[in-house]
Amino acid sequence: MQLLKKVALPKTNILFIINPISGGRDKANIPGLIDKHLEKARFNANYCFTEYVGHASELAAEAGNKNFDVVVAVGGDGTINEVGTQVLAQGKTLGILPFGSGNGLSRYLQIPMDTVKAIKVINALHVKRIDSAIFNGKRFFNMAGMGFDAHISAIFAGDKKRGLSGYVKLGLKEMLDYKPEIYQINVDGKSLSRRAFVVSIANSSQYGNNTYISPEASVTDGLLDVCVIRSFPLLLLPKLAYHMLRGKTHNSDMVEIIRGREIKITREKAAAIHIDGEPYQMGREIEVSVVPLSLNIITPDYEA
């Protein structure tokens, strides 16, 4: 009787790119948790810490040249954006350990907020493809937009005390003086004009912290949701907050959602925008398009 030899399967080379300041949480113990819980029989693991804005993108680009098959963003939506953009360009696979202020994409994909559980999701190596989008030449995966949320993102970026409570306090303070503006919006050839508090382009359903702007959005439908929060009196803010926290904005008379593939927006003036929560300054003209099923990403195998 001939015995069959066990053949050792090749290991997956994996790099963890850790943003030490995202979400205001200490990450000094992350390498130890990776070493303890990542399956050594399956992965050759390395890790590195970012040192400045844009460094995650540089490290992810280098990872592709060093034969890493999987690159894991350890941070929030901004870190995911930097790493994911390079991973997509190289045809590699993205993993996520959520450590942001909101973790919008991670929550949508049902990636656990518990780090050990999130590492175990990576162990399973269940890969799916999701849509991405391009906003005036910049890639995004979760959410982009303009208006009040972009205004707050621009101010919040300079706040050393990052976190949800700081974001909420800043938002309430700035809301008193913020003036909505008129946007000319074209979605797949359909034109409309709206005075809006916020115009968000949603790939997934939420900003983060289970705060939903487009509860029925999907990262696999080949469409983007243009979400217009209409100008409203401040006394209706609790109503809007309730709809967002309960995932009911698609039924709200304060929010209009238009779904499409090609979006053009003209606003009154150049101002801040945000891309996956990170602020930029851009001009009046905005063009956005979806790129269907363009990113390989590790998700829980129970994610729909």
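Residue numbers (our numbering): 83 to 386. Glycine included, C-beta positions come from ideal geometry on N, C-alpha and C.
Practice task
Inspect the beta-carbon positions of Thr132 and Ile212 and report whether they are closer than 7 Å.
Solution key: Numbered from its first residue, the sequence shown carries residue 132 at position 50. Numbered from its first residue, the sequence shown carries residue 212 at position 130. No, Cβ-Cβ distance for Thr132 and Ile212 is not below 7 Å.
Practice task
Work out the CA separation of Ile264 and Pro180 for me, nearest whole Å.
Solution key: One-based indexing of the sequence shown puts residue 180 at position 98. One-based indexing of the sequence shown puts residue 264 at position 182. When rounded, the separation of the alpha-carbon atoms in Pro180 and Ile264 is 35 Å.
Problem - Selected residue, minimal CA-CA separation from Phe314, among Ile267, Lys261 and Asn285 - result: The residue you call residue 314 lines up with position 232 of the sequence shown. Cα-wise, what sits closest to Phe314 is Lys261.
Handout entry: Cβ-based neighbour list, Arg189, same chain, cut-off 7 Å, excluding 5 preceding and 5 following
Key = Here residue 189 refers to the residue found at position 107 when the sequence shown is read from its first residue. Result list for Arg189: Gln288, Gly290 and Asn292, in chain order.
Handout entry: Same chain, Cβ closer than 7 Å to Val373, neighbours up to 5 away in sequence not counted
Key = For the purposes of this step, residue 373 is taken as residue 291 along the sequence shown, with counting starting at 1. Only Asp213, Ser214, Ala215 and Ile216 meet the Cβ criterion.
Problem - Rounded distance between the beta-carbons of Glu369 and Asn218, thought under 8 Å - result: The residue labelled residue 218 in the question sits at position 136 within the sequence shown. The residue labelled residue 369 in the question sits at position 287 within the sequence shown. Under the criterion of beta carbons closer than 8 Å, Asn218 and Glu369 qualify as touching, at roughly 6 Å.
Problem - Burial state of Asp383, where buried means 16 or more other Cβ atoms lie within 10 Å - result: For the purposes of this step, residue 383 is taken as the residue at position 301 of the sequence shown. Asp383 comes out exposed.
Practice task
Specify the secondary structure class of Tyr289 as computed by DSSP and reduced to three states.
Solution key: Your numbering for residue 289 matches position 207 in the sequence shown. Strand at Tyr289.
Handout entry: Neighbourhood of His356 by C-beta, 7 Å cutoff - its chain only, sequence neighbours within 5 removed
Key = Within the sequence shown, the letter at position 274 stands for residue 356. Closer than 7 Å at the Cβ level, and outside the excluded window around His356, lie Ala226, Gly227, Asp231, Ala232 and Ser235.
Handout entry: Under 7 Å between C-beta atoms of Gly229 and Val280
Key = Translated into positions along the sequence shown, residue 229 becomes position 147. Translated into positions along the sequence shown, residue 280 becomes position 198. For Gly229 and Val280, yes; Cβs fall inside 7 Å.
Handout entry: Length of the line joining the Cα atoms of Val153 and Glu164
Key = One-based indexing of the sequence shown puts residue 153 at position 71. One-based indexing of the sequence shown puts residue 164 at position 82. Rounded to the nearest angstrom, the two C-alpha atoms are 11 Å apart.
Exercise for the section: Using a threshold of 7 Å, state whether the C-beta atoms of Ala127 and Ile116 are closer than that. Expected result: Against the sequence shown, residue 127 aligns to sequence position 45. Against the sequence shown, residue 116 aligns to sequence position 34. In contact: Ala127 and Ile116 (Cβ atoms closer than 7 Å).
Exercise for the section: State the beta-bridge partners of Lys346 as determined by DSSP. Expected result: If you number the sequence shown from 1, residue 346 lands on position 264. Asn268 and Glu369.
Exercise for the section: Could you check what DSSP says for Glu360 in three-state terms: helix, strand or coil? Expected result: To locate residue 360, count along the sequence shown from 1; it is residue 278. Reduced to three states, the DSSP call for Glu360 is strand.
Exercise for the section: Look up Ser273 in the DSSP assignment and give the residues it is bridged to. Expected result: Translated into positions along the sequence shown, residue 273 becomes position 191. Assignment of beta-bridge partners to Ser273 by DSSP yields Asn268.
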